[in-house]
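Colleague: Before anything else, here's the structure in question.
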Amino acid sequence: MIIKQKGCHDIYGLEAKKWNYVSQVIDAVCERYHYDFIRTPIFEASELFHRSIGEETDVVRKEMYDFKDKGNRDITLRPEGTAGVIRSYIENKMYGDSVQPVKLYYNGTMYRYERPQSGRDRELTQFGVEVLGSDDPMIDAEVISLAVNIYKILGLKGIKVNINSLGDQESRDNYRKVLIDYFTPYVNELCEDCKIRLEKNPLRILDCKIDCQLEIMKNAPIIVDYLNEESKKRFLAVQKYLDLLDIEYEVNPSIVRGLDYYNHTVFEIEADIEDFGSQNVLGGGGRYNHLVSQLGGPETPGIGFAMGIGRLILALEKEEIQLPIEEGIDVFVMYVSDTEKEYAVTLVQELRMNGFKAETEYMNRGLKGQFKQADRLKSKFLILLNDEELKENQIKIKNNQTKEENFIELDYILYYLDEQLSSFEESDCNCGHHHEEGHHCHCQHKDDGEINF
RNA sequence: GCGGAAUUGGUGAAGUGGUUAACACGCCGGAUUGUGGCUCCGGUAUGCAUGGGUUCGAUCCCCAUAUUUCGCCCCA
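Per my numbering, the first sequence starts with residue 755, numbered consecutively.
As structure tokens, this is what we get:
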């Protein structure tokens, strides 16, 4: 038997419905924030990732899914979304578009050659946004608020935003020196990885999970103290806008992010979920004002963030949040004889063309089997075709909840179903969603007056 | 890259070094001659991840591989 590759998943059934629902929420929110969808290739030249993400990062050093193609080109399956979007921005000269800044979002699969575990796969799906062309701190706050809103609309509670600033190049260089000076006397106390980091990327020592226990960490210099005037002002402005948007956040000096292209604002969004381990970080991002020029475009400020959809859905499941997913069908058409079957074919077609979710029998089951099938499909109504009754232009329809049966004129069936089904839509919210019995509406439009699909 | 646990049918699983591998759910069929969801009856693994080894004999013991799963590093 051929089975799926390590760290990959088949998503189908209810799981697939959840994914689609989350995507719908993302699309709706992005539309309101006026972000345009962009779809870039899943594979790119390897060099793109080496140059953008950084040679020394773990993602590039040990997680790249790369190979040679038949033309002997070095190809990599994208490990994240930003690099491809920036490449596209430059290649398509979007910096010349009449509408600026350019606000984009993507939602697609990424690949990392990792050891799979809970909340981490080799094929993962990320949704993310990128804003290019504006350095306004207000955009930083907007991007964070967009992410937070998506989590809120989906019903996640306990969302925590951690922010930090890496400052501009001057601040960062300055801080880098301070860090090296600080840690060098203690080099023998550091773990093996951090000894290497001390030379290559001292910032990452700060979020080392091993060395964070050390005494020297507590007194380590904090970057915020080494920001120059301008960077400090900028960071405070971001916080001001977050306050205005009523977003709770915490300044966390240990957030440095694993990709090299970030400067100024960096942030991570985590869910406060028990037993979620290190998988509680649902998304993260930051500003990258030199990435575009680094990849050969004009000097262009940018900011973005990404969230893992798989991990998000895991979080929703852990929190037992019911999504308003439609289940079941409107009507199941039953038949026995061949002439009834012929009528069923056309009737089902007509029902479908008029917007009803209609099903019929394909497995040659007896009437008993068809009743069972209709129940499995959670059909709200049953239509029982009968040759004798059809001759009289009559059709028998049964409400599968009340068990009430009625004879209806053939021509009247669409109207009848329409009327009957609308009584199923009763719900104390009017979000337009259909909520199954016992499910609650999480659209939150009533509370926030914001999003309504 | 490192470490722990697991792998029996469509599903959940029990089990033993020795003839036909429990049980339950599901599914299909029948009792019920065109109104079911209850009940009863019947059917449903030449098979216990794969490859070696130990043995008279292995699903059960040993080794390896694969996969799943949970951690570490890192990340979403």
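Where a beta carbon is used, it is the ideal one built from N, C-alpha and C, also for glycine.
This structure is a prediction, so every number in the text was calculated from the model and none was measured.
Is it right to say R958 is buried, meaning 16 or more other beta carbons lie within 10 angstroms of its own, or is it exposed?
Modeller: Along the first sequence, one-based indexing puts residue 958 at 204. Buried, since its Cβ has 16 or more Cβ neighbours within 10 Å.
Colleague: Write down every uninterrupted run of the beta strand (DSSP E) in the segment 1097-1182 whose length is 3 residues or greater and which is fully enclosed by it, in chain order.
Modeller: With a minimum length of 3 residues, the continuous beta strand (DSSP E) runs that stay inside the segment 1097-1182 are 1112-1114, 1135-1138, 1148-1153, 1159-1163.
Colleague: Which value, in whole angstroms, describes the spacing of the CA atoms of D1172 and T1100?
Modeller: As a first step, residue 1172 must be located in the first sequence, where it is residue number 418. As a first step, residue 1100 must be located in the first sequence, where it is residue number 346. Rounded to the nearest angstrom, the two C-alpha atoms are 18 Å apart.
Colleague: Please state the DSSP three-state secondary structure of K857.
Modeller: Within the first sequence, the letter at position 103 stands for residue 857. The answer is strand: DSSP assigns K857 an E or B state.
Colleague: Does the beta-carbon distance from K772 to I1027 come in below 8 Å?
Modeller: What you label residue 772 is simply residue 18 of the first sequence in a count that begins at 1. What you label residue 1027 is simply residue 273 of the first sequence in a count that begins at 1. Taking 8 Å as the Cβ cut-off, K772 and I1027 do not qualify as a contacting pair.
Colleague: Please go through the segment 974-1012 and give each complete beta strand (DSSP E) segment of 3 or more residues, from N-terminal end onward.
Modeller: Runs of the beta strand (DSSP E) inside the segment 974-1012: 1003-1005.
Colleague: Can at least three beta-carbon pairs, one atom from the segment 1068-1087 and one from the segment 906-920, be found at a separation below 8 Å?
Modeller: The segment 1068-1087, when compared against the segment 906-920, does touch it at the 8 Å Cβ threshold.
Colleague: Whole angstroms is fine: what's the gap from V1102's alpha carbon to G808's?
Modeller: Translated into the one-based positions of the first sequence, residue 1102 becomes position 348. Translated into the one-based positions of the first sequence, residue 808 becomes position 54. One C-alpha to the other measures close to 57 Å.
Colleague: Using the Cα positions of F1086 and L1136, report the straight-line distance between them to the nearest angstrom.
Modeller: As a position in the first sequence, residue 1086 is number 332, starting the count at 1. As a position in the first sequence, residue 1136 is number 382, starting the count at 1. Using only the alpha carbons, I get a separation of about 5 Å.
Colleague: List the endpoints of the continuous alpha helix (DSSP H) containing V813.
Modeller: One-based indexing of the first sequence puts residue 813 at position 59. Its alpha helix (DSSP H) spans residues 812-816.
Colleague: With DSSP as the reference, label D935 as helix, strand or coil.
Modeller: Position 181 of the first sequence holds residue 935. Note: D935 maps to helix in three-state DSSP.
Colleague: If G838 sits next to E798, beta carbons under 8 Å apart, how far is it from one beta carbon to the other, in whole angstroms?
Modeller: In the first sequence, counting from the first residue as 1, residue 838 sits at position 84. In the first sequence, counting from the first residue as 1, residue 798 sits at position 44. Yes, they are in contact, since the Cβ atoms of G838 and E798 sit about 6 Å apart, within 8 Å.
Colleague: When you compare only the Cα positions, how much space is there between S872 and I1063?
Modeller: Indexing the first sequence from 1 puts residue 872 at position 118. Indexing the first sequence from 1 puts residue 1063 at position 309. Taking the straight line joining both Cα atoms gives about 13 Å.
Colleague: Check whether the segment 883-892 and the segment 968-982 touch, using three or more Cβ-Cβ pairs below 8 Å as the test.
Modeller: Cβ pair count under 8 Å is below three, so no.
Colleague: Using CA atoms only, rank isn't needed, just tell me which of T879, S806, Y775 is closest to H763.
Modeller: Taking the first sequence and counting its residues from 1, the one referred to as residue 763 is at position 9. Among T879, S806, Y775, the Cα nearest to that of H763 belongs to T879.
Colleague: Where does D1084 land, buried or exposed, given buried means 16+ other C-beta within 10 angstroms?
Modeller: Translated into the one-based positions of the first sequence, residue 1084 becomes position 330. Under this definition D1084 is a buried residue.
Colleague: Please state whether the Cβ-Cβ distance between D922 and N1017 is less than 8 Å.
Modeller: The sequence position of residue 922 within the first sequence is 168, counting from 1. The sequence position of residue 1017 within the first sequence is 263, counting from 1. Closer than 8 Å, so yes.
Colleague: Using only CA atoms, which one of K1126, E1081, V1020, Q759 lies nearest to D875?
Modeller: Position 121 of the first sequence holds residue 875. That would be Q759, whose Cα lies nearest to the Cα of D875.
Colleague: Could you tell me the distance, in whole angstroms, from the CA atom of N1154 to the CA atom of E1081?
Modeller: Residue numbering aside, residue 1154 sits at position 400 when the first sequence is read from its first letter. Residue numbering aside, residue 1081 sits at position 327 when the first sequence is read from its first letter. Rounded to whole angstroms, N1154 to E1081 spans 15 Å at the Cα level.
Colleague: Taking E769 as the reference, which of K1145, V883, P1078 has the closest Cα?
Modeller: Counted from its first residue, the first sequence places residue 769 at position 15. Nearest option by C-alpha distance: P1078.
Colleague: DSSP three-state call for K822: helix, strand or coil?
Modeller: Mapped onto the first sequence, residue 822 falls at position 68. Residue state, collapsed to three classes: strand.
Colleague: DSSP puts Y865 in a beta bridge; with which residues?
Modeller: Taking the first sequence and counting its residues from 1, the one referred to as residue 865 is at position 111. In DSSP, Y865 forms a bridge with E877.
Colleague: By Cβ distance, which residues of its chain are closer than 8 Å to G912, with the 5 residues on each side in sequence left out?
Modeller: Counting from 1 along the first sequence, the entry for residue 912 is found at position 158. Result list for G912: A1025, D1026, I1027, in chain order.
Colleague: Relative to the C-alpha of E1113, which residue among K1122, A1128, G1123 is closest?
Modeller: The sequence position of residue 1113 within the first sequence is 359, counting from 1. Selected option, being the one with the closest Cα: A1128.
Colleague: Taking all protein chains shown into account, do 16 or more other C-beta atoms lie within 10 angstroms of the C-beta of L858, making it buried, or fewer, making it exposed?
Modeller: If you number the first sequence from 1, residue 858 lands on position 104. Answer is buried; the Cβ neighbour count reaches 16.
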